[in-house]
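The structure appears right after this line, and notes come after that.
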Amino acid sequence: MAGQNLLTDTGIKTLTLKGDGFHSDGGNLYLRLRGSGRSWVFRFKIPKSAKWADPDKRGKPIEIGLGSYPALGIAAARKKVAPYREALAMGDDPRELHRLTDENLKTFKHYASEYIAKAKGGWKNKKHIQQWGNTLRDYVYPTLGEKLAANITRDDIDSAIRPLWEAGKFETFSRVRMRIETILNYAYHDLDIDRRNPARWQGNLKISFGDISPNKKAKLAGKLKSHAAPDWREVPAIMTNLRAKPEVTSALALRFSILTAARSTEVRAMVWAEIDTEAAVWRLPSDRAKNEEPHNVPLHEEALEVLKLAKAKAGDGERVFPGPNGGLLSDVAVTKQLDAAIGYKHEPGGDRPATAHGISRSSFRDWVADATAFPDKWAEAALNHKNPNQTEAAYLRTKYFDKRIGLMKAWGDFLAGKDNVVELKPTNKLA
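Positions 2 to 432 (this note's numbering) are the ones given, in order, by the sequence shown.
Here is the structure:
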């Protein structure tokens with residue numbers, strides 16, 4: 002047919018990027034060059050007589066991405082647009098046909114699962130996989146999960162994330178929005194959609210939600226609070242309550258976190274291969290540590306007792322403190338044990354007087370500062386914080402491990418209510 006089938010495979014190889022990068026095959030079918038990539042596009046203007054379009058949209062150009070070349074060959078591209086041309090000739094919207102094609106029937110949830118499966122191999126911290134899954138499950142899938150990725154609009158995004166904004170959960174709002182944007186970018190690339198991502202912040206959602214960025218607004222509103230922690234003097238009594246539940250895995254995990262001043266996430270994911278009971282050491286590998294550095298933790302005698310109780314419950318499983326069916330123990334389960342131990346009944350919207358992070362780490366740090374003369378650098382090393390002095394850090398590869406044995410023994414003895422905790426004399430000696 003005259004005016005169509007203008008391109009050939011041989012000719013395509015010699016095409017160069019000129020002007021807008023579009024090369025016509027005729028009949029509204031174009032091959033678009035962008036960098037080293039080539040893709041097919043069906044381009045048309047909405048007829049001014051089109052009743053299916055808003056009056057202000059009539060006469061405006063529209064593009065439908067068809068797929069990349071050579072994955073979609075010339076013959077296949079021409080066959081694909083034949084019904085689009087027919088629809089346009091009949092006064093119908095070609096996009097409606099396009100939306101019904103198999104490749105465009107993929108939902109947001111489909112692309113989210115596909116993206117995570119491909120991206121997780123490059124994530125250093127494996128907890129990102131669970132964090133992404135939980136975020137999408139709780140805040141995104143109820144609204145966007147079953148929607149076709151190609152059809153999601155800015156209003157859809159707004160419906161999904163505005164409840165977080167209105168609730169003042171600005172940090173979560175920002176994280177959820179960015180993950181939606183990432184997944185839609187992935188979907189758009191797969192579908193060869195060339196339009197602005199509706200989850201984009203700058204010049205888009207920022208106008209809808211206000212000029213203040215989510216993180217800045219959170220700080221101004223005082224929403225980004227530090228981890229609440231009980232007074233260090235109260236921790237021994239809390240430990241007594243936790244000891245009354247030797248059969249509860251989450252209570253054992255919390256006890257171990259407190260005794261080791263460790264992060265809850267690192268304890269909940271701990272495996273037996275990291276434990277050396279003979280040397281009384283927990284060897285946290287770099288790929289599980291927040292600062293991505295290996296960390297050796299001296300174990301108090303009570304921590305070893307907790308491990309014995311955990312072993313009796315866990316049996317031959319890999320995890321020390323397993324959740325249901327051997328999976329990861331949830332932070333919610335640990336928090337419930339802490340609430341029970343301090344006699345707190347959580348109310349929606351209320352602020353907890355203590356968190357697992359706070360009692361395990363902040364209370365420990367306060368105890369070191371207020372009740373002992375242990376050097377700050379030992380306490381910082383026990384918390385596995387990065388040494389800001391890079392020269393010193395390069396030489397102190399053991400991070401005061403021998404010194405920390407005494408520090409963690411004193412902490413464990415204090416938690417046990419022993420009265421033989423010795424306050425060390427201040428020293429200026431470099432340890």
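Idealized CB from N, CA, C, for every residue including glycine.
Of the residues PRO354, PRO143, ALA51 and ALA118, the one whose Cα lies closest to the Cα of MET91 is ALA51. Exclusion of the five residues before and after LEU73 leaves TRP41 and LEU67 as the residues of its chain whose Cβ lies within less than 7 Å of its Cβ.
By the beta-carbon neighbour count (other beta carbons within 10 angstroms, threshold 16), LEU7 is exposed. In the three-state scheme derived from DSSP, where H, G and I count as helix and E and B as strand, TRP202 is classed as helix. Relative to VAL177, the option among HIS24, ASN292 and ARG138 whose CA is nearest is ARG138. The alpha helix (DSSP H) runs of length 4 or more contained entirely in the segment 329 to 386 are, from start to end of the chain, 332 to 343, 364 to 372 and 377 to 383. Excluding sequence positions up to five before and after ALA161, its CB lies within less than 6 Å of the CB of VAL141, THR144 and LEU145, all in the same chain and listed in chain order. Under the 8 Å Cβ criterion, the segment 240 to 258 counts as touching the segment 319 to 333, having at least three qualifying pairs. Contact check for VAL307 and PHE257: beta-carbon distance about 5 Å, within the 8 Å limit, so the pair qualifies. Here SER69 carries a strand assignment [DSSP, helix/strand/coil]. Proximity of the segment 352 to 359 to the segment 278 to 297 falls short of the contact definition, fewer than three beta-carbon pairs being nearer than 8 Å. Judged by their CB atoms, GLU319 and ALA274 are nearer to each other than the 9 Å cut-off. Distance from the Cα of PRO62 is smallest, within the candidate group TYR70, PRO48, PRO71 and VAL82, for PRO48. In the structure shown, ARG284 adopts extended strand secondary structure according to DSSP, grouped into three states.
Partner residues in the beta bridge of ARG39, as assigned by DSSP, are LEU34. LEU18 is positioned such that its CB atom lies closer than 9 Å to that of GLY36. Listed in chain order, the non-local C-beta contacts of PRO299 below 6 Å within the same chain comprise ARG405, ILE406 and MET409, local neighbours out to five positions each way being set aside. Residue range 171 to 192 is occupied by the alpha helix (DSSP H) that includes HIS190, with no beta strand (DSSP E) assigned at that position. The beta carbons of ILE360 and ILE276 sit no closer together than 9 Å. ALA188 and ASP26 have their alpha carbons spaced roughly 26 Å apart.
Ranked by Cα distance from TRP53, the first of ALA78, LEU89, VAL82 and ALA83 is LEU89.
Contact between VAL236 and SER364 holds, since their C-beta atoms are separated by about 5 Å, short of 8 Å.
Between the alpha carbons of THR136 and ASP191 lies a distance of about 23 Å. With at least 16 other beta carbons inside 10 angstroms of its own, PRO376 counts as buried.
Taken atom to atom, the span from the alpha-carbon of LEU243 to that of LEU305 is near 16 Å.
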